[in-house]
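Residue numbers (full-length UniProt numbering), protein chains in the order written: chain E, 1 to 357; chain C, 1 to 357.
So the structure is just underneath, and the comments pick up after that.
2 protein chains.
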Amino acid sequence: MREIKPEQLDDLARGAGILGTGGGGDPYVGKLLAQQAIRAHGPVTVVDIDEVPADAMVVAISGMGAPTVSLEKIPAGTEEVTALRALERALGRRATHLVPIEVGGLNSMVPFIAAAQTGLPVVDGDAMGRAFPEAQMVLPGLIGVTVAPMAVADDKGNTLVLDTVSNLWAERLARSACVEMGCSVSCADTVMRGDQLRDGLVPATLTLAEELGRAVREARAVHADPVAAAAGMLGGVRLLTGKVVDVERRTSGGFARGEARLAGTAGDTGRTLELSFQNEHLLARRDGTVIATTPDLICVLDTDTGDPVTTEGLRYGLRVTVLGVPCDPRWLTPGGLDLAGPRYFGYDTDHVPLPPH
Amino acid sequence: MREIKPEQLDDLARGAGILGTGGGGDPYVGKLLAQQAIRAHGPVTVVDIDEVPADAMVVAISGMGAPTVSLEKIPAGTEEVTALRALERALGRRATHLVPIEVGGLNSMVPFIAAAQTGLPVVDGDAMGRAFPEAQMVLPGLIGVTVAPMAVADDKGNTLVLDTVSNLWAERLARSACVEMGCSVSCADTVMRGDQLRDGLVPATLTLAEELGRAVREARAVHADPVAAAAGMLGGVRLLTGKVVDVERRTSGGFARGEARLAGTAGDTGRTLELSFQNEHLLARRDGTVIATTPDLICVLDTDTGDPVTTEGLRYGLRVTVLGVPCDPRWLTPGGLDLAGPRYFGYDTDHVPLPPH
């Protein structure tokens, strides 16, 4: 058990942005909202999975929508607790702990907003060990935990509570409401008991994110290589260092989708890397060959600073390094690949192991 | 207080189909579902507004969607009670009475399905005195009754409960869910106390629908003019007798929209009538001039049988008579016209009084 103070969120947001593989929302907006909430209400307690009682009621708090929208349509900062309270009313029980659904930039911060406002502790872990674009892409789904009942709240004060026959239907109905509500909403869902967390969560990812963010910051401070520091901590393999030469993006179906093309520089001169994304980076082709796929993490970092580059932050001329990082092994089981493998997203390829270091 | 038996629903559905101005769903499908429910569970009690206790909890039960879809995607018959129970859970109270939201064909029948299955009585009245395409177009809205909390259920077992900042938002969010759920769902909403019914409902419209349906049937039996019988009972004015020569329809945004063109026959030879509809008939132009608009009722009847012709049933060659029928006077107040006047639907005209008899 430890307390998180506003200034720690700088490192945590940076690290979560890297683990978020380009998605999970812009860490900057989320960080400011969480820091403001902590300054207003006091520090947030983070607890390890082992510290959560077996009968605890753990609720995942997240933002849903297109990150491109959340950049301009700043959340009100009240949606998280509105969604949480609506879910609690539907269940007739109060949450005892909150947890991030994913360690994306905005979505690693969102539980801290609700935690500061309610005084509830945040569990050190998340339901993906990365970020994914759709609500049913969570490890708890592999052990029978349902996304619904799921509460969705917007900035205007509208809420809805879903009860669905499958996690895919929870995604479909929440997504269509999200689009109607303005493409940026908050969700409370995926209710777990404390004794389900070990199987349902990737443990200690908030700690990992904070340490990762610190390692990048410290490397930068001593003019060492921040990207190498990140790769070393994550066991990541460098896929390409280069610059962005083309980005094609569209906001469709409530997602930020698109492709980006990178031209190699320095040791990679002459090589190309193509990234495909749907909120998150999902596929990387090097010189025309698939070399990394979801559910492995494809992380795009600013080559100079080591800062994460979100899919909506990709732009012509940006100097980046792309890392491939192994996902939680549960994602490589048949059930995990069904949920979040490349074929689910419509890519005509199986999962491809990352190239060797 | 009286009991409704399955065979009475024939007249009721026919009359409600006429009052439904082409919308509210196909009366045939609704009638079969309600008759089956009554045969399985016993007769349904219908009570007058005056018989409802002041503290009663009255819930409107309806179908939402595009009538064109409900024709082919037959409801499961369980959605109504699923929606009702979800609403009751959200409110922590049980309904004492059900009521139709509108007297459209399917939607006058839908409360009887739920009433037969639950044993609850149905209030003789409805919230429109006709049918309208959108959820916020209800007279209770003029006295401050909100559409939400609103429960929506589909045939697959998915439910959602909305709590919204306005009736328009209830419509928007329920509609987007409806589209995602397959364009045909059931709703429980617009909760009223018994002492709100006099101002919130158009009274005795179920009785009117049944008498109207009987009058048409009896006129037909003696080879009298069934359309004249309907017009006489409703104070309606004949706008044109003719045949359908063109229909253009599209299902968009969860609605059945389109236009139909009629060429006059007999005494109307040489005249034309153009109908514009969005689930319901909303505007009639005779020889290029607007002669009837929402919120007045524009009723299309089969000239020979007096049976109602739904907007989705319009087809080339059909011989029909179009009646204009005055709406409930509350619809002609500024608030009523804001909700359901021609300008709300995008027509560049004010409400036009019906032509004299």
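Glycine included, C-beta positions come from ideal geometry on N, C-alpha and C.
Report the neighbours of W331/E on chain C: residues whose CB is nearer than 9 Å to its CB, in chain order. Neighbours of W331/E on chain C: none; closest Cβ ~27 Å, over 9 Å.
Assign P356/C to one of two classes, buried (16 or more other C-beta atoms within 10 Å of its C-beta) or exposed (fewer than that). exposed
Could you check how far apart the C-beta atoms of residue 359/C and F132/C are, in whole angstroms? I think they sit under 8 Å. Since the first and last residues shown for chain C are 1 and 357, residue 359/C lies out of range.
Which residues in chain E sit within 7 Å of G157/C, going by Cβ to Cβ distance? V165
Any chance the segment 137–145 of chain E sits against the segment 135–146 of chain C, with 3 or more Cβ pairs inside 8 Å? no
Can you give the Cα-Cα distance for S108/E and I38/C, rounded to whole angstroms? 53 Å
Measuring straight from C-alpha to C-alpha, what distance separates G104/C and G200/E? 49 Å
Give the interface partners of V179/C over in chain E, defined as CB-CB distance under 9 Å, in chain order. S176
Using 8 Å as the threshold, is the segment 201–213 of chain E in touch with the segment 167–186 of chain E, meaning 3 or more CB pairs across them? no
Check whether the Cβ atoms of A86/C and G194/C lie closer than 8 Å to each other. no
Residues of its chain near V99/C, where Cβ-Cβ distance is below 6 Å and the 5 sequence neighbours each way are ignored: V58, A60, V123
Looking at C-alpha atoms only, which residue of R198/C, G317/C, V300/C, K5/C is the closest neighbour of E51/C? R198/C
Does the structure place the segment 9–22 of chain C close enough to the segment 254–265 of chain E that three or more beta carbon pairs sit under 8 Å? no
Residues in the same chain with beta-carbon distance under 7 Å from L339/C, minus the five sequence neighbours each way, listed in chain order, please. Q136, M137, G141
For Q136/C, the three-state DSSP class (helix, strand or coil): coil
Could you round the C-beta distance between G63/E and G23/E to whole angstroms and report it? I think they count as a contact, below 8 Å. Incorrect: roughly 11 Å between the Cβ atoms, too far for contact.
Judging by CA-CA distance, which residue of T305/E, E280/E, S276/E is the nearest neighbour of I291/E? S276/E
Assuming L337/E is part of the alpha helix (DSSP H), what are its boundary residues? 334–340
Got a sec: which bits of the UniProt domain "S-Me-THD N-terminal" (8–163) of chain E sit with their beta carbon under 8 Å from any beta carbon on chain C, in order along the chain? A86, R89, A90, K156, G157, N158, T159, L160, V161, L162, D163
For A224/C and C187/C, believed in contact at Cβ under 8 Å, the rounded distance: Actually they do not touch by this definition, with Cβ atoms about 39 Å apart.
Taking the Cβ atom as the reference point for each residue, do A34/E and E80/E lie within a distance shorter than 8 Å? no
With distances taken between CB atoms, is the gap from V320/E to G236/E smaller than 8 Å? no
Where does K5/E sit, in a helix, a strand or coil, going by DSSP? coil
Please list, in chain order, the chain C residues whose beta carbon lies closer than 8 Å to that of L173/E. N158, L160, A177, E180, M181
Alpha carbon of R172/C to alpha carbon of L91/E, nearest angstrom: 25 Å
Which same chain residues end up closer than 8 Å to P53/E when comparing Cβ atoms and leaving out the 5 residues on each side of it in sequence? T96, G194
Of all the alpha helix (DSSP H) runs that stay within the bounds of the segment 89–173 of chain C, which reach a length of 4 or more residues? 105–118
Considering just the uninterrupted stretch of the beta strand (DSSP E) at R271/C, what are its terminal residues? Segment: none, R271/C is in no beta strand (DSSP E) and carries neither H nor E.
Residue from H41/C, R130/C, H351/C with nearest C-alpha to L234/C: R130/C
Please classify E134/C: is it buried, with 16 or more other beta-carbons within 10 angstroms of its beta-carbon, or exposed? buried
In its own chain, which residues sit with a C-beta less than 7 Å from the C-beta of F345/C, not counting the 5 before and 5 after it? Q278, L282, T294
DSSP-derived helix/strand/coil call for K73/C: coil
Residue from A83/C, D328/C, A221/C, L318/C whose Cα sits closest to the Cα of A127/C: D328/C
Can you list, in chain order, the stretches of the alpha helix (DSSP H) that have 4 or more residues and sit fully within the segment 205–232 of chain E? 205–221
What does a CB cutoff of less than 6 Å around D268/E pick up in its chain, not counting 5 residues either side in sequence? L240, T241, G242
Of the choices V352/C, E280/C, T303/C, A260/C, whose alpha-carbon is the least far from that of G65/C? E280/C
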